[in-house]
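Chemist:
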Amino acid sequence: MNSKPLFSRFLRRGAALLLASVIAAGGLSAAGCGKENGETTGSTAGQTTVEETTAPPRGYMNPLTGFYGMNEAAVGKRPVAVVINNAPPARPQWGLCSPDIVVEGMVEGGITRMLWLYADWAQIPKVGSMRSARHDFVEIAEGLDAIFFHWGGSIYAYDAMKKRNVDHVDGTADAGRYFFRDRSRGVAIEHTGYTTGESIVDAIEAKKFRTRMNPGYESPFLFAEEEAPLSFTLGCESASFVFSDSYRHEFRYDGETQTYFNYLNKKPMAQDGGKQMEVKNVIVLYCPVKPMGDRAGCIDMNLTGGTGFYAVNGTYEPLTWKKGGPGDMLKMFDPAGKPLTLNPGKSYIGFVPKSNEAKTVITPAAQP
């Protein structure tokens with residue numbers, strides 16, 4: 228979705244920082260995604276220096292998808308992370324097919340919640356329903372230097388955001404300003420909250436958050452060239468895995484689109500309007516999950532590291548991963564111990580309980 232007025236506003240805000248944006252874009256391409264060419268000319272000694280920069284031939288790369296052609300105004304900006312409800316009354320979600328990356332993980336009661344990640348704020352449509360933050364999701368956002376949007380939160384999430392000075396926008400404080408209610412479905416009020424890209428841009432501007440990405444976060448993922456996509460020797464026509472008895476996913480490969488379509492509890496997982504969620508990359512990371520012992524039943528996902536798998540193009544390979552502390556980026560490694568390279572495209576990342584690893588089923592392509 229591309230809103231021209233919103234993009235124009237966004238472009239004007241970023242114009243003064245264009246040179247820094249181009250430098251940041253060059254850093255992104257250095258991660259193995261193609262060199263971006265820039266030309267700089269300077270004056271002779273004693274004269275005022277004037278620099279002219281040309282845009283890269285393929286445009287600017289989205290650091291969350293590896294695709295080129297991202298809006299120039301978004302280059303070098305911090306991503307946005309939005310906490311999304313995944314309870315049955317919240318389905319179908321508004322904007323499910325829009326994120327660059329969908330992260331899913333456990334919360335209390337055996338349910339899951341999602342964190343939707345965007346590199347270009349101007350491309351965010353109506354998204355929701357939004358729900359409250361959990362400390363694990365705060366930590367995942369911190370690992371990307373993201374600005375965090377949520378509607379409420381656990382005591383552990385608020386404590387983490389306060390102690391670590393996390394830039395966040397809370398629907399409990401800003402309802403009616405940057406967050407809204409859609410009551411058309413006749414569900415409980417906690418399943419009605421949403422926001423929009425325009426409201427997100429307005430909130431970031433009004434709260435005067437730092438918008439430039441901190442050094443070191445420019446390249447959270449490595450990407451192959453679009454012209455040379457990756458495939459592995461192990462087949463993966465479908466991958467099913469279990470968060471809990473009520474949350475069982477299956478991603479089925481479609482050879483025509485070369486993407487995986489998401490099924491939740493054997494039904495297509497679709498956004499409002501009927502379009503089914505599909506992604507290029509399916510990443511499952513196994514992590515220990517334990518209760519925190521409070522009355523609310525909050526849980527803790529151990530995000531320090533573990534094992535998992537990466538499925539793409541009807542194939543898969545095992546991986547290992549680690550994260551470390553709250554501000555550390557997620558790092559993934561192939562079987563040889565080298566940094567994992569992804570194919571350009573949208574991704575799904577599921578933090579699945581280690582106790583359910585044995586319930587994962589990967590089905591190779593049927594034999595002719």
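To convert a position in the sequence shown, counted from 1, into the working numbering, add 227.
No residue lacks a Cβ here, since even glycine has one placed at the ideal position from N, Cα and C.
These numbers were taken from a predicted model, which means no experiment stands behind them.
What does Trp-321 pair with, by DSSP beta-bridge criteria?
Modeler: To locate residue 321, count along the sequence shown from 1; it is residue 94. Gly-355.
Chemist: Which one of Ala-349, Val-330, Asn-441 and Lys-550 has the shortest CA to CA distance from Ala-300?
Modeler: The sequence position of residue 300 within the sequence shown is 73, counting from 1. If we check each option's Cα against that of Ala-300, Ala-349 comes out closest.
Chemist: Going by alpha carbons, who is nearest to Gly-420 out of Ser-426, Gly-413, Asp-409 and Val-414?
Modeler: For the purposes of this step, residue 420 is taken as residue 193 along the sequence shown, with counting starting at 1. Nearest C-alpha to Gly-420: Asp-409.
Chemist: Would you mind reading off the limits of the alpha helix (DSSP H) that contains Ser-426?
Modeler: On the sequence shown, residue 426 is found 199 positions in, with the first residue counted as 1. Taken as a continuous stretch (DSSP letters only), the alpha helix (DSSP H) holding Ser-426 covers 424-433.
Chemist: Could you give the DSSP three-state label for Asp-521: helix, strand or coil?
Modeler: As a working note, residue 521 is residue 294 in the sequence shown. Of the three classes helix, strand and coil, the one that applies to Asp-521 here is coil, per DSSP.
Chemist: Helix, strand or coil for Ile-416? Go by DSSP, reduced to three states.
Modeler: To locate residue 416, count along the sequence shown from 1; it is residue 189. Reduced to three states, the DSSP call for Ile-416 is helix.
Chemist: Inspect the beta-carbon positions of Val-506 and Gly-572 and report whether they are closer than 8 Å.
Modeler: Counting from 1 along the sequence shown, the entry for residue 506 is found at position 279. Counting from 1 along the sequence shown, the entry for residue 572 is found at position 345. Against a cut-off of 8 Å, the Cβ pair of Gly-572 and Val-506 comes out as a contact.
Chemist: To which residues does DSSP link Asp-397 through a beta bridge?
Modeler: Locating residue 397 in the sequence shown gives position 170, where the first residue counts as 1. His-377, per the DSSP bridge assignment.
Chemist: Which residue's Cα is closest to the Cα of Arg-404: Glu-417, Asp-394, Ile-416 and Glu-425?
Modeler: Within the sequence shown, numbered from 1, the residue matching residue 404 stands at position 177. The option with the nearest alpha carbon to Arg-404 is Glu-425.
Chemist: Which word fits Leu-461, buried or exposed, when buried means at least 16 other C-beta atoms lie within 10 angstroms of its C-beta?
Modeler: Your numbering for residue 461 matches position 234 in the sequence shown. Exposed is the call here.
Chemist: With a threshold of 8 Å, are at least 3 pairs of Cβ atoms found where one atom belongs to the region 293-308 and the other to the region 482-497?
Modeler: Short answer: they don't touch.
Chemist: Report buried or exposed for Val-588, applying the criterion of at least 16 other Cβ atoms within 10 angstroms of its Cβ.
Modeler: In the sequence shown, counting from the first residue as 1, residue 588 sits at position 361. It counts as exposed.
Chemist: Where does Thr-392 land, buried or exposed, given buried means 16+ other C-beta within 10 angstroms?
Modeler: Residue 392 sits at position 165 when you count from the first residue of the sequence shown. Strictly speaking, residue 392 in this sequence is Asn, with Thr absent from that position. The residue is exposed, with fewer than 16 neighbouring Cβ atoms inside 10 Å.
Chemist: Let me confirm a value: Thr-486 is counted as buried when at least 16 other C-beta atoms fall within 10 Å, else exposed. Which label applies?
Modeler: Translated into positions along the sequence shown, residue 486 becomes position 259. When all chains shown are included, Thr-486 counts as buried.
Chemist: Check whether the region 424-444 and the region 508-526 touch, using three or more Cβ-Cβ pairs below 8 Å as the test.
Modeler: Counting Cβ pairs under 8 Å, fewer than three are found: no touch.
Chemist: If I measure Cβ to Cβ from Asp-527 and keep anything under 6 Å in the same chain, skipping five residues before and after, which residues do I get?
Modeler: Position 300 of the sequence shown holds residue 527. Once the five neighbours on either side are set aside, the close Cβ partners of Asp-527 are Lys-517 and Met-519.
Chemist: Roughly how many angstroms lie between the CA atoms of Cys-260 and Ala-451, to the nearest whole one?
Modeler: Mapped onto the sequence shown, residue 260 falls at position 33. Mapped onto the sequence shown, residue 451 falls at position 224. The predicted position of Cys-260 is uncertain, since its pLDDT is 35 and thus under 50; a value taken from the coordinates is nonetheless stated next. When rounded, the distance between both Cα atoms is 6 Å.
Chemist: Go ahead and label Thr-531 buried or exposed: buried means 16 or more other beta carbons lie within 10 angstroms of its beta carbon, across all protein chains shown.
Modeler: Position 304 of the sequence shown, counted from the first residue, corresponds to residue 531. Under this definition Thr-531 is an exposed residue.
Chemist: For Val-509, report the span of its beta strand (DSSP E) as first-last.
Modeler: One-based indexing of the sequence shown puts residue 509 at position 282. Per DSSP, Val-509 belongs to the beta strand (DSSP E) from 508-514.
Chemist: Whole beta strand (DSSP E) runs in the region 518-557 with 3 or more residues, listed along the chain?
Modeler: Counting whole runs of 3 or more residues, the region 518-557 contains the beta strand (DSSP E) stretches 526-528, 532-539 and 542-549.
Chemist: Excluding sequence positions up to five away, which residues of its chain have a Cβ less than 8 Å from the Cβ of Pro-591?
Modeler: Stepping through the sequence shown from its first residue, residue 591 is reached at position 364. Only Leu-461, Gly-462, Cys-463 and Glu-464 meet the Cβ criterion.
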